Amino acid sequence: MNMLRVWGGGVYESDTFYRLADELGIMVWQDFMFACAMYPVGDDFLRSVDAEVRQQHRRLSHHPSVVLWAGNNENEAALRGNWYQTRGPLFERYHRDYVKLYVDTVRAAVRDEGSAVPFAVSSPSNGAESEAEDFLAKNPYSSLFGDDHHYDYVSDAWNPAVFHNTRFGSEYGFMSWPSRHTMAAATDAEHADEDLALGSRLAEHRQHHPGGNAEMALQILQHLPLPTHFNDSEHFDTFAYLSQIYQAMATKSETEFLRRSRYLLSPRGEGRTMGALYWQLNDVWQAPSWASIDFAGRWKMLHHYAVDFLAPLIVSPHLEGDTLHVDVISDAVDPDGGAVLVRTDVFAMDSFAPRSQRLDAWSRGSSPRAYSAPLRSLLDQAGCSSSAARWACLIRFRLLSENNTVLAPDNFLFPRSPRDHAMPTARLQVSDVRGPLNGTAHQRRDFSLRLSASSPAAFVWLEAGPLRGRFSRNGFHVTEAAPAELRFHTDEDTTAAELARHLSVRALNGALASR
Numbered sequence: 117m118n119m120l121r122v123w124g125g126g127v128y129e130s131d132t133f134y135r136l137a138d139e140l141g142i143m144v145w146q147d148f149m150f151a152c153a154m155y156p157v158g159d160d161f162l163r164s165v166d167a168e169v170r171q172q173h174r175r176l177s178h179h180p181s182v183v184l185w186a187g188n189n190e191n192e193a194a195l196r197g198n199w200y201q202t203r204g205p206l207f208e209r210y211h212r213d214y215v216k217l218y219v220d221t222v223r224a225a226v227r228d229e230g231s232a233v234p235f236a237v238s239s240p241s242n243g244a245e246s247e248a249e250d251f252l253a254k255n256p257y258s259s260l261f262g263d264d265h266h267y268d269y270v271s272d273a274w275n276p277a278v279f280h281n282t283r284f285g286s287e288y289g290f291m292s293w294p295s296r297h298t299m300a301a302a303t304d305a306e307h308a309d310e311d312l313a314l315g316s317r318l319a320e321h322r323q324h325h326p327g328g329n330a331e332m333a334l335q336i337l338q339h340l341p342l343p344t345h346f347n348d349s350e351h352f353d354t355f356a357y358l359s360q361i362y363q364a365m366a367t368k369s370e371t372e373f374l375r376r377s378r379y380l381l382s383p384r385g386e387g388r389t390m391g392a393l394y395w396q397l398n399d400v401w402q403a404p405s406w407a408s409i410d411f412a413g414r415w416k417m418l419h420h421y422a423v424d425f426l427a428p429l430i431v432s433p434h435l436e437g438d439t440l441h442v443d444v445i446s447d448a449v450d451p452d453g454g455a456v457l458v459r460t461d462v463f464a465m466d467s468f469a470p471r472s473q474r475l476d477a478w479s480r481g482s483s484p485r486a487y488s489a490p491l492r493s494l495l496d497q498a499g500c501s502s503s504a505a506r507w508a509c510l511i512r513f514r515l516l517s518e519n520n521t522v523l524a525p526d527n528f529l530f531p532r533s534p535r536d537h538a539m540p541t542a543r544l545q546v547s548d549v550r551g552p553l554n555g556t557a558h559q560r561r562d563f564s565l566r567l568s569a570s571s572p573a574a575f576v577w578l579e580a581g582p583l584r585g586r587f588s589r590n591g592f593h594v595t596e597a598a599p600a601e602l603r604f605h606t607d608e609d610t611t612a613a614e615l616a617r618h619l620s621v622r623a624l625n626g627a628l629a630s631r
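Note that this note's numbering has the sequence shown beginning at 117, numbered continuously upward.
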């Protein structure tokens with residue numbers, strides 16, 4: 117990640133946050149703390165707002181990480197979209213109040229303080245086009261101007277055709293549940309089985325998005341095998357796991373789409389996308405949410421996927437009808453470095469030996485398109501086209517240098533939904549749990565382990581029970597016979613024996629074998 121947005125419905129972050137952003141080269145989009153509401157414009161309130169804006173600007177403006185100020189989150193869209201019944205005889209008064217608060221007060225204070233940083237009145241907004249329409253665009257979500265927020269919980273979000281080809285995707289996301297071990301802190305041992313069921317009073321209280329649990333269930337059903345009685349406590353872990361798969365895959369699909377769109381300009385003038393900020397990074401309590409890091413600091417599957425889909429160099433496959441397009445997206449500063457090879461391997465889920473391979477060259481500085489090919493021909497070569505075999509295949513994409521060095525994270529594509537795959541059961545085995553070792557990634561200590569599988573395994577997910585920390589990789593696919601070398605990063609005082617005792621491993625088509 118090279119940018120974080122401090123959202124207007126949250127808090128101004130601590131000085132430490134901005135110092136770390138400066139040191140790490142992370143840009144900060146800084147909202148002022150106004151979000152999703154109509155606000156008053158009495159004199160006392162405006163004086164308070166003026167003081168707040170000036171104080172925060174003076175506190176933060178010297179940080180090179182702060183690259184944009186925004187007056188509010190979604191209030192232009194809320195006013196135009198009648199979210200709070202503002203349409204009617206008082207609409208023009210609401211409009212005048214909006215301009216008085218965010219333009220005549222907030223923006224005026226920022227400009228008076230001598231800011232050299234750009235100011236956006238709202239997000240989403242059409243920028244100069246909104247200003248030309250007296251700061252209230254007819255369509256604040258236009259793909260042709262400014263930035264865009266995009267939420268769609270009904271369409272198939274694994275299909276990039278459903279996304280907005282916008283100038284800057286400043287908010288988009290999907291919900292998932294955190295793990296049982298994070299939710300356990302919101303209940304107690306006596307009531308855990310009762311509370312950790314999706315139909316429980318606790319689950320309903322913690323779900324603040326109307327219909328959110330039902331929407332997650334419908335999303336899961338698009339691609340994954342949801343248990344029949346998923347509301348029961350015994351299925352909570354499975355539902356949380358499946359919701360995290362959907363969230364990770366959907367956000368991956370949308371982020372890669374936005375990164376590819378940087379190179380596109382449609383006949384309607386859409387595209388040239390220059391930003392992708394998914395909602396959201398962190399949580400404020402134990403609950404289902406859009407976050408990629410839960411309240412206990414545990415990484416959801418999405419955050420592991422973000423490491424890959426936000427990498428400077430990625431290979432990005434996507435389907436358009438029955439045509440497979442494979443793009444290489446590079447944010448490298450230096451365009452030189454020789455040819456990049458794209459290796460495509462088609463696996464059946466019953467063997468680690470690829471059924472077919474192809475190798476294509478891509479040159480830095482050229483079009484992002486490495487190749488396009490009919491999907492059926494690729495599957496025909498691999499013997500995956502029959503009704504019995506086709507859906508049991510997984511396509512892996514790997515970027516290599518001319519001397520066979522792996523240059524970027526692998527990517528993958530299922531020819532059809534995993535729900536419809538006939539996958540043999542993979543037996544997963546963990547061995548050689550060792551440590552503590554010298555820590556990496558700012559943790560005090562690491563533990564190493566090996567994970568092997570009897571056959572290819574999809575969406576392999578490891579958990580360490582109540583131990584807080586994260587694995588070096590998670591949510592991945594096993595496509596090689598050699599054991600995967602993993603690390604568990606933690607700040608907790610624990611032992612290898614304790615970690616081994618709490619370890620659990622599952623996959624969409626397998627589970628941990630007996631130790």
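All C-beta atoms in this analysis are idealised placements derived from N, C-alpha and C, irrespective of residue type, glycine included.
These numbers come from a predicted model, not from an experiment.
**OP:** Below 8 Å CB to CB, which residues in the same chain sit around S479 once its five sequence neighbours on both sides are set aside?
**Re:** A455 and V456
Subject >> Limits of the alpha helix (DSSP H) - the one that L615 falls within >> reply: A612 to H618
**OP:** From the DSSP output, read off the bridge partner residues of D466.
**Re:** According to DSSP, which records beta bridges pairwise, D466 is partnered with nothing at all.
Original post:
Looking only at its own chain, which residues have a Cβ that is under 6 Å from the Cβ of L381, when we skip the five neighbours before and after it?
Top reply: G387 and R388
Original post:
Does DSSP put H265 in a helix, a strand or coil?
Top reply: strand
Original post:
Which runs of the alpha helix (DSSP H), 4 residues or longer, sit entirely within the region 207-269?
Top reply: 207-217, 224-228 and 244-248
Subject >> In DSSP terms, what W415 is bridged to >> reply: I409
Original post:
Under the DSSP definition of a beta bridge, which residues are partnered with I430?
Top reply: I445
Subject >> Candidates V576, E249 and A598, of which the one nearest S588 by Cα >> reply: V576
**OP:** Starting from N398, follow its DSSP beta bridges and name the residues at the other end.
**Re:** I409
Original post:
Helix, strand or coil: how does DSSP classify Y487 here?
Top reply: strand
Original post:
Is it the case that the Cβ atoms of L514 and R471 are separated by a distance below 8 Å?
Top reply: In the sequence as presented, Leu is not what sits at residue 514; that position holds Arg. No. Outside cutoff.
**OP:** Verify whether the separation of the beta carbon atoms of P582 and H537 is less than 8 Å.
**Re:** no
**OP:** Given a cut-off of 8 Å, decide if L418 and A364 are closer than it, judged by their beta-carbon atoms.
**Re:** yes
Original post:
Helix, strand or coil: how does DSSP classify P552 here?
Top reply: strand
**OP:** Within 10 angstroms of the Cβ of E287, are there 16 or more other Cβ atoms? Answer buried if so, exposed if not.
**Re:** buried
**OP:** Answer yes or no: do V431 and I511 have a C-beta to C-beta separation smaller than 8 Å?
**Re:** no
Original post:
Can you give, in chain order, each stretch of the beta strand (DSSP E) that sits fully within the region 320-403 and has at least 3 residues?
Top reply: none
Original post:
Taking buried to mean at least 16 other C-beta atoms within 10 Å of its own C-beta, is G262 buried or exposed?
Top reply: buried
Subject >> Coarse secondary structure for V278, derived from DSSP in three states >> reply: helix
Subject >> Beta-carbon proximity list for P484, same chain, < 7 Å, skipping 5 on both sides >> reply: R376, Y379, D443, V444 and I445
Original post:
Is the distance from the Cβ of P180 to the Cβ of D138 below 8 Å?
Top reply: yes
Original post:
Do you know how far the Cα of R566 is from the Cα of G413?
Top reply: 24 Å
Subject >> DSSP-derived helix/strand/coil call for A623 >> reply: strand
Subject >> the region 119-134 touching the region 146-161, judged by at least three CB pairs closer than 8 Å >> reply: yes
**OP:** Identify, in the order they occur along the chain, each residue of the same chain with its Cβ nearer than 8 Å to the Cβ of Y134, setting aside the five sequence neighbours on each side.
**Re:** V144, L176, H179, S181 and V182
**OP:** Would you tell me roughly how many angstroms separate the C-alpha atoms of D250 and A448, rounded to the nearest one?
**Re:** 40 Å
Subject >> Identity of the residue in A277, A153 and V219 nearest A193 by Cα >> reply: A153
**OP:** Please list, in chain order, all residues of the same chain as L162 whose beta carbon is under 8 Å from its beta carbon, the five residues on each side excluded.
**Re:** K216, L217 and T221
Subject >> Contact under 8 Å by Cβ, Y394 with G328 >> reply: no
**OP:** Can you have a look at D160 and say buried or exposed, based on whether 16 or more other CB atoms are within 10 angstroms of its CB?
**Re:** exposed
Original post:
Identify the residues that DSSP records as bridge partners of E632: which are they?
Top reply: A query on residue 632 cannot be resolved here, the shown segment of the chain reaching from 117 to 631 and no further.
Subject >> Cβ neighbours of H420 in the same chain (closer than 7 Å, five flanking residues each side left out) >> reply: R589, N590 and G591
Original post:
Is DSSP giving T460 helix, strand or coil here?
Top reply: strand
Subject >> Start-to-end residues for the beta strand (DSSP E) that takes in F513 >> reply: C509 to L516
**OP:** On a CA-only basis, which of F352, P240, T202 and L624 is nearest A186? Give me that one, please.
**Re:** P240
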